[in-house]
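Heads up: the sequence shown runs through residues 388 to 611, numbered per our numbering.
Idealized CB from N, CA, C, for every residue including glycine.
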Amino acid sequence: MVFEEHSEKWDDLTISHTSKAIVLVHEFIVQLLENLCPDEQLREQVWEMLLVDRLRGAYERAMDHARFLLAVERSGRPTTFNHYFNSTLQQKRSGRITKELEGLPITTDCDATTEFYYVADIKKHFVPKDNAEQVCTDIVDTLASYYKVARKRFVDTICQQAINHYLLDRADSPLKILCADLVMSLSAKQLDMIAGEDASSRALRAALTRQRDSLRAAKKVLRE
């Protein structure tokens, strides 16, 4: 509960970061399609019939996974096997002790090469804490140490999974939707709807075909 409150800003930051990544991927796909398919009518057919729904699904999968990672990291039991957690915790505790010693007089040896504190001075300086104070201190140090480890882990996980895997590398990621397999799976009717002639073009072609046939027939009659 304490960690969940401490990491409450992660939700907005994660959704914002993932959304920006989706926008970049989407803009890249739009520009790529414009370069590869200069015919506006054909491009619109490809976009509407092949891409738009599949892209929407891919973006939703990436965003859903980002939310899943948020739920695991923030709502789950705080857990880590990273040795940096213990190292950071020890640094927090030693730093707290060092700060408390700053007010004590420092004694040096005869050669002025070694500094030390008298044990008696240390005992006088440190006031024993009651249980509640000690627990609060331990919680603060532990939370700060765990937060540092969890934040680094979470940033890497979002980058590796929600961004790289779901938006770039996965078989059904946005960048791999329009592929040879998709084109080969289309029926003749679908191909005709996407790249076939419109009604006016077909009518014109039919009229030209009839005109050509008539001219050939007339030419044949004249030769006879």
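- Annotation for Ile-564: Arg-441 place their beta carbon closer than 6 Å to its own, counting only its chain and skipping 5 residues before and after.
- Contact between His-404 and Leu-530 fails: their C-beta atoms lie close to 24 Å from each other, not under 8 Å.
- Taking the CA atoms as reference points, Ser-560 sits about 9 Å from Gly-444.
- Considering only Cys-566, Thr-401, Gln-477 and Lys-407, the residue with the shortest C-alpha distance to Leu-420 is Cys-566.
- Residue environment for Ser-532: buried (at least 16 other C-beta atoms within 10 angstroms of its C-beta).
- Three or more beta-carbon pairs separated by less than 8 Å are not found between the region 445-463 and the region 594-607, which leaves the two stretches without contact.
- For the 8 Å CB-CB criterion, Tyr-553 and Arg-448 form a contact.
- The alpha-carbon separation between Thr-466 and Arg-430 amounts to approximately 50 Å.
- For Trp-397, the enclosing alpha helix (DSSP H) has its first and last residue at 397-423.
- One alpha carbon belongs to Glu-391, the other to Val-527, and they sit about 14 Å apart.
- Distances from the alpha-carbon of Val-412 to those of Gln-547, Glu-435, Tyr-446 and Lys-486 put Tyr-446 closest.
- DSSP places Asp-559 in the coil class of the three-state scheme, outside both helix and strand.
- For Ile-526, the uninterrupted alpha helix (DSSP H) run begins and ends at 518-544, by DSSP.
- Asp-399 has its alpha-carbon roughly 36 Å from the corresponding atom of Leu-569.
- Take the alpha-carbon of Leu-595 and the one of Val-608: they are about 20 Å apart.
- CA-to-CA, the gap between Ile-416 and Ala-537 works out to about 34 Å.
- In the structure shown, the three-state DSSP call for Ser-394 is coil.
- DSSP, reduced to helix, strand and coil, places Asn-469 outside both helices and strands of the structure shown, so it counts as coil.
- Around the beta carbon of Ile-484, fewer than 16 other beta carbons sit within 10 angstroms, so the residue counts as exposed.
- Assignment of Asp-451 by DSSP, reduced to helix, strand and coil, places it in the helix class.
- Between the beta-carbon of His-452 and that of Ala-549 there is about 5 Å, and that keeps the pair under the 8 Å contact cut.
- Note on geometry: alpha-carbon atoms of Pro-425 and Met-571 lie some 22 Å from one another.
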